[in-house]
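In what follows, a structure is listed as structure tokens, so that the remarks can point back to it.
Number of protein chains: 2
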Amino acid sequence: MSEVYDESLKYFQNHKNEYLEDLCKFVHIPSISADSSYKKDIEKTALWLSDYLKSIGIEKIEIFNTSLFPIVFGEYSKAGPEKPTMLIYGHYDVQPADPIDQWITDPFSPEIKNGQLFARGSSDMKGQLIVSLAAIDSILHTNLLPINIKFLLEGEEEIGSPNIVDFITNHKELLKSDFVLNLDAGMIAPDLPTITYGLRGLAYFELYVYGPEHDLHSGLFGGIVHNPALALCEILTGMKDKEDKILLPGFYDDVIPLSIDERQELARLPLDDDFYKSQTGVNLLVGEKGYSSTERVSARPTLDIHGIYSGYIGIGPKTVIPSYAMAKFSCRLVPRQEPARIYQQLIDYLNQNAPKTIRWEVKQLSSDTPCVIDRNFPPTTRFSTSLEKIWNVKPVYKREGGSIPIVSYMSDILGIQSILSGFALPDDRAHSPNERLNLDLWEKGVKTVINFILSFTEAAD
Amino acid sequence: MSEVYDESLKYFQNHKNEYLEDLCKFVHIPSISADSSYKKDIEKTALWLSDYLKSIGIEKIEIFNTSLFPIVFGEYSKAGPEKPTMLIYGHYDVQPADPIDQWITDPFSPEIKNGQLFARGSSDMKGQLIVSLAAIDSILHTNLLPINIKFLLEGEEEIGSPNIVDFITNHKELLKSDFVLNLDAGMIAPDLPTITYGLRGLAYFELYVYGPEHDLHSGLFGGIVHNPALALCEILTGMKDKEDKILLPGFYDDVIPLSIDERQELARLPLDDDFYKSQTGVNLLVGEKGYSSTERVSARPTLDIHGIYSGYIGIGPKTVIPSYAMAKFSCRLVPRQEPARIYQQLIDYLNQNAPKTIRWEVKQLSSDTPCVIDRNFPPTTRFSTSLEKIWNVKPVYKREGGSIPIVSYMSDILGIQSILSGFALPDDRAHSPNERLNLDLWEKGVKTVINFILSFTEAAD
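Residue numbers (our numbering), protein chains in the order written: chain A, 1486 to 1946; chain B, 1486 to 1946.
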């Protein structure tokens, strides 16, 4: 592929400032999905994006309205039906800029300082979208693409993608592809190109513990009723043992053990305990016995309390025995744990362990299925080769502690696996003030995607 | 004392409707201390009360202003310096009438129905004050009193008596007496005249548990940091064992064990588990092993959580690891537990048991010393005899689970023991809508106090 590749790279080198200007226009529109007063800006962004797709040579473009914000679809099919189709997933909405007063620049007036582009959405993920678009444009200026490409670009990712499942379910034929390229997963460090191959799932619960009929005076009734706040503490405390094993009955039954080579791969990640201490500000780490911190945050299931409430929490003393107590907590899941089974295990645990002196009620508030992508999925291996070509370093394979639900949706609804990667850094301050994009990595990203797309020429040759 | 006694009783019988009218005037003024918009009404009540004292023959009357509401002082000293002095403590302020819409009468327009006077303050404790004043007036109409009397009547009891300690401390000579008569403690049942001889103390704490520097994403960091909400649950759960013994080191060291005859006396109280279940609405009672429910709520120390807070407690799921957690809790104390020692025991417990993975901070928010009055304190025995004369039943001796701080203040600052009794019933709905006073008990109360005061004539004879 060397001649076409060189031409494309050269084109990009000569025009990268224009692509950067395009990105600046893109981030200038405040497409904040969490705040409905930005609805017009989101719609403007969707239009801007569909125009941009048209300008680089994508033929079939359609904007689908949802109950909230539009989905932009695009398709390039000149490679011909015998060639593979790549579905590029992305989102064009951004997080709110709050707290505004902590920004050193205007969040929607992009500025470059020390090789970084400061703006809301620069890293998450408008910059990542322009990576793919610049790569495609750079190739198309001199050649055809050796593969077909589809685009699925949504405007609701930062608010949990409320319409994406419906859309995917109703457009299976339209979205039919061979693999997904999702550049929303980032990289570990500037010199470590990264493939994310696993995502934890989630089972989120709200538990209520009810005691006396109404709040009681602790002087008059203290000593004879089981305080529901204490009962809640007992229930929550009982869910873990001293080695941080989770005690819901059967909790680990479905967990696929980590293989030896997977553990070796995870051990290569430059994430030691000092790193985690500096990120969290705690002096002593804890965790499940027998696993490293990296394994604990990404490849092992966990249980965390997110909120507790009971009784009087205002200023000063009030001597009340509360009538109820509430906790929100969730389990992060790993393959093949199922949220519905975890819910049943919680019910079993409560039936066996909750004191008979109180009444409890539990609700499942949300759930995501965990997923692991085969590290040997051919498109992933191919993308890894492209990363290695540009960085001259073997990419690391990591598992992500959080969930990216779209990856499960693509796999479960469409049967398509994803390549999960990207060029954002952990300290790009996504979701925080002073979000920024490292422009050196952004450039390498464009070159990687050019290399990746053109690698199919060779394959086809 | 029979002739004077008969005269006084007869006078009261002939004039009880007038005393009742006086009480109606007294409760008509809305002396609500919790709401500053009633300040003028409180001051009006203090004036009304001082006029009333004057009208029944109390000579030395003074209204002391405080930073909030006035204290009414009065003194009768015609018995002569060799005779004992009784200090009558009472409060003329009342609770707010809310929720107003649940009243069947106007809370400040007293009405008599089925032998009960409905009005805010009728039972707690304007009716109890008129008991003493009617008794004194009934005697003074034909005779001198055989003892000296002082009055300490405050207008801030329902808001925690913020000025009483200062006042007592600065007026030791003025208040010098031999015993206190405090009729704010009520009786257990209409046919069971009651002496309250013990009050629990209180040590109230606020505990903060600090984890990560800021809230963390549970997907990215779940599994390696000790969740402070869970750490708080562990700390609180660890404070009690399965038999409801409190595990603060040395917690029971200072507790005076209940004597056999005290337990027999408490067992006489008509308070069985069904009573406590109906009062609390719980199906199963709990409590410290080896003690009855009555002992548990009144004569044994306890630990109760009043409030807990951590993290996200709004609607829906939010996957945060909170940076801190907070709990408010208190111990009810019995003689001779000291709040300051309990604080130290809590610190010791935390030093020994709080996980090293979190940081904690504890504050003592309030404290009351527990007290037990010698059941053989001669004025108490004498009052008990008067109760028995009127009811033809031996009075019961009970311990109260809550604290009445004024009793400790009198004892600790002035060195004066209190007779704690009264003619209010548990279902008089003090602090609730439709407060009422049982007029039969009120009448018996006046006769009891007449009998009690005149009993000193005999003693002096």
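From the three backbone atoms N, C-alpha and C, an ideal C-beta is built for every residue, glycine too. Keep in mind it's a predicted model, so treat the numbers as computed, not measured.
CA nearest to the CA of residue i, picked from the options
| i | options | result |
| --- | --- | --- |
| D1526 of chain A | A:E1719, A:S1516 and A:G1775 | A:S1516 |
| S1493 of chain A | A:S1562, A:L1625 and A:G1600 | A:L1625 |
| K1598 of chain B | B:G1799, B:D1925 and B:R1753 | B:D1925 |
| P1713 of chain B | B:I1889, B:L1553 and B:Y1794 | B:Y1794 |
| V1512 of chain A | A:R1605, A:T1870 and A:V1805 | A:R1605 |
| Y1574 of chain A | A:E1560, A:D1859, A:A1582 and A:C1509 | A:E1560 |
| P1631 of chain B | B:P1566, B:F1652, B:Q1837 and B:S1607 | B:P1566 |
| Y1834 of chain A | A:L1692, A:A1909 and A:L1572 | A:L1692 |
| D1912 of chain B | B:Q1498, B:L1732 and B:Q1601 | B:Q1601 |
| D1520 of chain B | B:I1644, B:T1627, B:E1750 and B:I1543 | B:I1644 |
| T1870 of chain B | B:I1935, B:S1851, B:R1914 and B:N1923 | B:I1935 |
| C1437 of chain A | A:D1586, A:Y1523, A:P1592 and A:P1555 | Residue 1437 of chain A cannot be examined here, being either before or after the span of chain A that is shown, 1486 to 1946. |
| A1909 of chain A | A:D1700, A:A1582 and A:S1608 | A:S1608 |
Close beta carbons around residue i, own chain, < 6 Å, minus the five adjacent residues each side
| i | result |
| --- | --- |
| H1916 of chain A | Q1580 |
| I1720 of chain B | A1839 |
| A1810 of chain B | V1694, P1713, A1714, L1717 and S1795 |
| I1858 of chain A | Y1682 and Q1902 |
| L1872 of chain A | P1678, P1880 and T1933 |
| E1547 of chain B | F1558 |
Within-7 Å CB hit, residue i to chain A
| i | result |
| --- | --- |
| F1706 of chain B | yes |
| A1714 of chain B | yes |
| P1890 of chain B | no |
| E1642 of chain B | no |
| E1747 of chain B | no |
| G1792 of chain B | yes |
| K1657 of chain B | no |
| R1884 of chain B | no |
| T1779 of chain B | no |
Chain B within 7 Å of residue i, Cβ atoms only
| i | result |
| --- | --- |
| C1856 of chain A | no |
| C1509 of chain A | no |
| P1880 of chain A | no |
| S1851 of chain A | yes |
| L1770 of chain A | yes |
| A1519 of chain A | no |
| Y1894 of chain A | no |
| H1711 of chain A | yes |
| Y1761 of chain A | yes |
| D1669 of chain A | no |
| I1806 of chain A | yes |
Own chain, CB closer than 7 Å to residue i, minus 5 neighbours either side, in chain order
| i | result |
| --- | --- |
| P1584 of chain A | P1918 |
| L1743 of chain B | E1780 and A1784 |
| A1944 of chain A | Low local confidence applies: a pLDDT of 48 at A1944 of chain A is under 50, so the model's placement there is unreliable, with the coordinate-based value given in what follows. Excluding positions up to five away in sequence, the list is empty. |
| L1754 of chain A | I1673, T1779, V1881 and K1883 |
| N1550 of chain B | none |
| D1946 of chain B | In this prediction, D1946 of chain B scores a pLDDT of 40, lower than 50, which makes its location untrustworthy; no coordinate-derived value is stated. |
Residue i: contacting residues in chain B (beta-carbon distance under 9 Å)
| i | result |
| --- | --- |
| D1913 of chain A | Going along chain B, no residue has its Cβ under 9 Å from D1913 of chain A, so there is no contact; the nearest lies around 14 Å. |
| M1811 of chain A | I1798 |
Contacts that residue i makes with chain C (C-beta to C-beta distance below 9 Å)
| i | result |
| --- | --- |
| G1686 of chain B | As a matter of chain content, chain C is missing from the structure shown, whose protein chains are A and B. |
Contact set between residue i and chain B, taken where Cβ atoms lie within less than 8 Å
| i | result |
| --- | --- |
| P1697 of chain A | T1765, G1766 and V1767 |
| A1752 of chain A | By Cβ distance, chain B contributes nothing, its closest Cβ being about 16 Å from A1752 of chain A, past 8 Å. |
Collapsed DSSP secondary structure at residue i in the structure displayed
| i | result |
| --- | --- |
| E1488 of chain A | helix |
| H1513 of chain B | helix |
| Q1949 of chain A | For chain A, the structure presents residues 1486 to 1946; residue 1949 of chain A sits outside this window and is missing. |
| Q1580 of chain A | coil |
| G1683 of chain B | strand |
| T1438 of chain A | Nothing can be reported for residue 1438 of chain A: it is not among the residues displayed for chain A, which extend from 1486 to 1946. |
| V1740 of chain A | coil |
| Q1822 of chain A | coil |
| Q1764 of chain A | helix |
| G1559 of chain B | strand |
| S1783 of chain A | helix |
Per-residue contacts from residue i into chain A (C-beta, under 8 Å)
| i | result |
| --- | --- |
| E1773 of chain B | G1708 |
Interface residues of chain A facing residue i [CB-CB closer than 7 Å]
| i | result |
| --- | --- |
| T1681 of chain B | What T1681 of chain B touches in chain A: nothing, since even the nearest Cβ is about 13 Å away. |
| L1701 of chain B | T1765 |
Proximal chain A residues relative to residue i, where beta-carbon distance stays under 9 Å
| i | result |
| --- | --- |
| S1576 of chain B | At residue 1576 of chain B the sequence reads His, which differs from the Ser that was named. Per Cβ cutoff of 9 Å: no residues; H1576 of chain B is ~18 Å from chain A at best. |
Residue i Cβ short of 6 Å to the ligand MG heavy atom set
| i | result |
| --- | --- |
| F1497 of chain B | In the structure shown, the ligand MG is absent, as is every other ligand, since no ligand is present at all. |
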